[in-house]
Amino acid sequence: MARRTASPLLSTARYLALAAYLAFALFPLYWLVKIAITPDQLIFTEGTRLFPSETSFGNFAKVITQTDFLAYFGNSLIVSLGTAGVTTLIAAGAGYAFSRFDFAGKRVLVGIMLVTQMFPLLMVIAPIYKMVAALGMLNSLTSLIVVYTAFNIPFATFLMQSFFDGIPRDLEEAAMIDGCTRFQALRRIIVPLTLPGLGATLGFVFTAAWSELLFALMLINSNDAMTFPVGLLTFVSKFSVDWGQMMAAGVLALVPSCLFFLFIQRYLVQGLTSGAVKG
Amino acid sequence: MSASARRVPGETRARPNFIWRHLIEPYLYISPALVLIALVMVVPLVIGLSYAFQSVVLLRPSAGGWVGLANFAQLWGDARFWRALNNTFWWTFGSLVFQFAFGLGLALLLNTQFAGKRLVQALVFLPWAVPTFLTALTWSWLFNPVIGPLPHWLAALGILSEPFNILGDPALAMWGPITANVWFGIPFFAITLLAALQSIPGELYEAAEIDGATPWQAFVKITLPFLAPMIAITVMLRTIWIANFADLIFVMTGGGPANSTQILSSYIFTTAFRKLDFGYASALAIALLSLLLAYAVVLLALRRRFVRI
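Chains as they are written, first to last, in UniProt numbering: chain G, 1 to 279; chain V, 1 to 309.
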């Protein structure tokens with residue numbers, strides 16, 4: 001959306017500002033990677049050097065072979081993929097209803113969903129802990145998935161609704177007039193059109209679940225069911241802060257959510273453009 | 001569903017369809033979401049609210065029982081609560097102002113065409129994808145005076161007298177988590193504001209330019225009014241999220257030194273999980289919730305008054 005041809009001075013200033021911001025955004029990530037690939041004995045002596053004088057992948061090897069991080073990684077993957085899948089499915093249904101129907105109680109439901117964004121999580125953590133404990137579901141990845149799904153549904157629903165709002169109603173109405181049931185119209189016409197929206201929601205929820213700490217800390221105590229963030233925190237006490245390994249583990253934690261995010265961020269802007277702004 | 005399927009072309013919607021379409025069908029699609037929200041959020045919320053009027057100390061079951069407003073009386077006289085409230089204010093608005101200003105700037109920069117835009121856009125949004133605990137760990141490292149570069153660089157620039165530990169200085173410690181939070185939160189504003197910018201019809205700017213408007217006039221008269229609804233909703237949501245967001249503080253400073261970074265939500269966390277006093281923690285949470293609700297109501301009223309779209 002180039003509005004006007006900018007003067008050379010203005011466009012230079014623009015590039016400079018973007019470059020400065022890019023440096024700010026990427027610098028901490030660079031530092032994380034830098035520590036992870038610096039050999040242990042140099043981490044502290046070369047703390048302030050921009051580039052390490054030597055690099056090694058020893059910390060990655062140690063994290064993978066000598067700690068339980070591979071298992072934590074697997075647990076986090078199960079929880080995040082499960083949460084993302086279930087949440088997106090449920091939110092797609094709810095978002096579709098909010099987008100296409102005018103029904104009794106709609107405004108109240110929207111209000112409830114907004115309020116759920118407002119209360120302190122800590123208020124519900126103790127009751128949820130007791131409920132999960134009463135069901136005998138502590139240390140289960142399933143209970144984490146259920147809790148994460150519930151907490152991600154409101155935002156995911158608003159997101160999906162905004163994607164559906166961007167698809168003209170005429171499309172499915174035409175299909176239904178031609179004899180499709182609503183379900184057929186959904187499957188053949190709406191779902192293919194909203195794939196980017198589903199992808200964006202999937203990615204957004206995945207990253208949210210991947211980094212969740214509080215509930216995981218509360219509901220998981222056994223080493224077998226630990227997720228990545230909890231594992232990283234226990235690193236501090238368990239392994240007497242081996243910074244190199246910890247940062248290597250951190251870099252590993254970064255990989256899935258960044259991949260997902262790089263994939264979705266384009267659709268995210270698109271989706272918000274299509275609907276949310278009009279609301 | 002078969003009733004609606006058999007509809008002949010041109011037929012008007014019959015009466016039974018009305019009930020189906022307005023009461024049953026939408027709820028078929030929403031019910032899984034509703035059931036989960038009710039079970040995992042609303043029920044625990046009501047239970048949590050009730051804790052505020054009870055004495056609930058885990059590991060001390062005998063402490064149970066209704067205590068009326070005792071938890072709130074304790075709160076009124078609790079100096080740490082007032083301290084935490086004050087800190088919450090600085091934490092929230094300190095983070096918000098910078099996140100918003102930089103986020104808006106970034107969105108305006110990205111709303112132009114330039115070579116490599118796709119790549120740049122993907123990279124500048126990356127901090128939002130970084131898990132919170134990792135953000136906190138990385139920034140604590142950067143701020144560390146022995147092994148981190150920031151204190152040395154700040155000292156070299158003359159901003160700090162010597163490379164000391166900012167996170168250990170009660171007067172400055174809050175800037176640590178705020179910096180991490182600003183870094184993490186800019187992309188959210190940038191993404192949502194960029195989306196809003198892209199929905200502004202380009203003809204408006206062309207017309208303004210023909211009429212001889214300066215870029216600044218176009219910004220104030222066209223861009224800002226169009227952005228206003230998105231600004232109102234994102235600022236409200238973010239304020240609430242930030243005020244409730246204790247992860248960064250929890251990992252970076254643990255509320256210290258000397259409670260100088262203790263915000264309400266980290267204080268609630270400590271009360272609940274270190275002291276296991278869920279009754280008092282709930283009372284604190286209700287205080288925070290009431291403040292946030294009041295804030296949201298004021299903001300929504302302002303929005304109705306000043307936002308015309």
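No residue lacks a Cβ here, since even glycine has one placed at the ideal position from N, Cα and C.
None of these values were measured; they are calculated from a predicted model.
Alpha-carbon to alpha-carbon, residue j and residue i
i: residue 184 (chain G); j: residue 160 (chain G); result: 19 Å
i: residue 167 (chain V); j: residue 29 (chain G); result: 20 Å
i: residue 38 (chain V); j: residue 56 (chain V); result: 23 Å
i: residue 88 (chain V); j: residue 25 (chain G); result: 25 Å
i: residue 59 (chain G); j: residue 233 (chain G); result: 17 Å
i: residue 83 (chain V); j: residue 262 (chain V); result: 8 Å
i: residue 205 (chain G); j: residue 190 (chain V); result: 19 Å
i: residue 133 (chain V); j: residue 252 (chain G); result: 13 Å
i: residue 33 (chain G); j: residue 248 (chain G); result: 7 Å
i: residue 156 (chain G); j: residue 196 (chain G); result: 14 Å
i: residue 70 (chain V); j: residue 287 (chain V); result: 14 Å
i: residue 135 (chain G); j: residue 207 (chain G); result: 28 Å
i: residue 229 (chain G); j: residue 210 (chain G); result: 8 Å
i: residue 86 (chain V); j: residue 148 (chain G); result: 31 Å
i: residue 63 (chain G); j: residue 253 (chain V); result: 26 Å
i: residue 182 (chain G); j: residue 122 (chain V); result: 37 Å
i: residue 54 (chain G); j: residue 266 (chain G); result: 37 Å
i: residue 15 (chain G); j: residue 22 (chain G); result: 10 Å
i: residue 293 (chain V); j: residue 120 (chain G); result: 11 Å
i: residue 78 (chain G); j: residue 138 (chain V); result: 25 Å
i: residue 382 (chain V); j: residue 301 (chain V); result: This structure cannot settle anything about residue 382 (chain V), because the visible part of chain V is limited to 1 through 309.
i: residue 13 (chain G); j: residue 223 (chain V); result: 20 Å
i: residue 66 (chain V); j: residue 72 (chain V); result: 13 Å
Outcome for residue i when other beta-carbon atoms lying within 10 angstroms are tallied against a minimum of 16
i: residue 9 (chain G); result: exposed
i: residue 107 (chain G); result: exposed
i: residue 216 (chain V); result: exposed
i: residue 49 (chain G); result: exposed
i: residue 332 (chain V); result: Since the displayed chain V opens at 1 and closes at 309, residue 332 (chain V) lies outside it and no answer follows.
i: residue 35 (chain V); result: exposed
i: residue 145 (chain G); result: buried
i: residue 102 (chain G); result: exposed
i: residue 212 (chain G); result: buried
i: residue 54 (chain V); result: buried
i: residue 220 (chain G); result: buried
i: residue 260 (chain G); result: buried
i: residue 99 (chain V); result: buried
i: residue 215 (chain G); result: buried
Residue i - DSSP class collapsed to helix/strand/coil
i: residue 54 (chain V); result: strand
i: residue 68 (chain G); result: coil
i: residue 359 (chain G); result: An answer regarding residue 359 (chain G) cannot be provided, because it is not within the stretch 1 to 279 covered by chain G.
i: residue 224 (chain G); result: helix
i: residue 170 (chain G); result: helix
i: residue 247 (chain V); result: helix
i: residue 78 (chain V); result: coil
i: residue 165 (chain G); result: helix
Within chain G, partners of residue i - CB distance below 7 Å
i: residue 285 (chain V); result: 120, 122 and 123
i: residue 244 (chain V); result: 120 and 121
Listed by chain order, chain V residues near residue i by CB distance under 9 Å
i: residue 147 (chain G); result: 40
i: residue 131 (chain G); result: 39, 40, 43, 44 and 47
i: residue 116 (chain G); result: 37, 41, 42 and 45
Chain-ordered chain V contacts of residue i [CB-CB under 8 Å]
i: residue 267 (chain G); result: None at all; the shortest Cβ gap to chain V is about 11 Å.
i: residue 128 (chain G); result: 40 and 44
i: residue 257 (chain G); result: 129, 130 and 131
i: residue 250 (chain G); result: 134, 137 and 138
i: residue 90 (chain G); result: 32, 33 and 36
i: residue 282 (chain G); result: Past the boundaries of the shown model lies residue 282 (chain G); chain G is included only from 1 to 279, so the question cannot be answered.
The ligand PLP heavy atom lying under 7 Å from the CB of residue i
i: residue 86 (chain V); result: Among the ligands in the structure shown, none appear at all, so the ligand PLP cannot be discussed.
Chain-ordered neighbours of residue i on chain G, where CB pairs are closer than 9 Å
i: residue 142 (chain V); result: 27, 28 and 31
i: residue 21 (chain V); result: 101, 102 and 103
i: residue 282 (chain V); result: 122, 123 and 126
Partners in chain G for residue i, counting only beta-carbon separations shorter than 8 Å
i: residue 146 (chain V); result: 44 and 47
i: residue 183 (chain V); result: 24, 25 and 28
Chain-ordered neighbours of residue i on chain V, where CB pairs are closer than 7 Å
i: residue 153 (chain G); result: 33, 36 and 37
i: residue 96 (chain G); result: 29
Proximal residues, the segment 191-203 of chain V versus chain G, C-beta separation under 7 Å = Listed by position, the residues of the segment 191-203 of chain V near chain G (Cβ gap below 7 Å) are 191, 192, 194, 195, 196, 198, 199 and 202.
query = Using a beta-carbon distance cut-off of less than 8 Å, what residues from the segment 203-216 of chain G approach chain V?
reply = Of all residues in the segment 203-216 of chain G, those with a C-beta nearer than 8 Å to a C-beta of chain V are 207, 210, 211, 213 and 214, reading in chain order.
query = Quick one, which residues of the segment 115-137 of chain V are near chain G if we go by CB-CB under 9 Å, in chain order?
reply = Listed by position along the chain: 118, 120, 121, 122, 123, 124, 125, 126, 127, 128, 129, 130, 131, 132, 133, 134, 135 and 137.
task = Check distances from the C-beta atoms of the segment 9-20 of chain G to those of chain V and list, in chain order, the residues that come in under 8 Å.
result = Within the segment 9-20 of chain G, the residues whose Cβ lies closer than 8 Å to some Cβ of chain V are 11, 14, 15, 17 and 18, listed in chain order.
key: Contact set between the segment 268-280 of chain V and chain G, restricted to residues whose Cβ is under 7 Å from the partner   = So the close ones are 268, 269, 272 and 278.
request  = Residues of the segment 224-235 of chain G with a CB closer than 7 Å to any CB of chain V: list them in chain order, please.
outcome  = Within the segment 224-235 of chain G, 229, 232 and 233 place their CB atoms closer than 7 Å to a CB of chain V, listed in sequence order.
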